Structures are given as structure tokens and as C-alpha cells.
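Novice:
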Amino acid sequence: MTTLARFVEQLPLDIQKEVLSYAEFLLERRSRKKQKAPAFDWEGALEDLGEQYSSVQLQHEIGRMRGA
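Pasting the structure below:
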């Protein structure tokens, strides 16, 4: 058994629950940091269509291109 587990076992049950909750929080926070920032490589892809279509029509076209 690890040292951490031995320490936690010695704590009262309510404190053990707090330790578990905090550990879950740390794991979630760590996984959020690993997520990549969204790429905007699509930005400007429909710029040439701006003269032909309204902004609403362009939004629909973008949705169609994304498969929505």
C-alpha cells in the first residue's frame, strides 16, 4: 500500500471523502489543461462568397460544410 493510501486510511471518513473529492478535482483540472486550443484553419474559407451571400446564408453554408 502506498504512503498516501496509509495516510488517508488514518483520516476520519468525512475527511477521506474530501480527499477523494479533491483528487478527482485535480485529475479533471489536469485533463482540461491537456486539451488543445481550437484550430482556426477554416477562418476565411468562405471569404470570397461574402459578396454573393448574406451573413445568414453564409452561416448555413458553413453548417453544411461541417456536416451539421
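Using the working numbering, read the sequence shown as starting at -1 and increasing by one per residue.
Every residue, glycine too, gets a C-beta built ideally from N, C-alpha and C.
No experiment lies behind these values; they were computed from the predicted model shown.
#1: Among the candidates E7, L56 and R27, whose CA atom is the shortest distance from the CA of G42?
#2: Can you give me the start and stop residues for the alpha helix (DSSP H) that L2 sits inside?
#3: So, helix, strand or coil for E49, using DSSP?
Specialist: Reading off the structure:
#1: Mapped onto the sequence shown, residue 42 falls at position 44. For G42, the nearest C-alpha among the options comes from L56.
#2: Counted from its first residue, the sequence shown places residue 2 at position 4. T1 to Q8 is the extent of the alpha helix (DSSP H) around L2.
#3: Residue numbering aside, residue 49 sits at position 51 when the sequence shown is read from its first letter. Coil at E49, not helix or strand.
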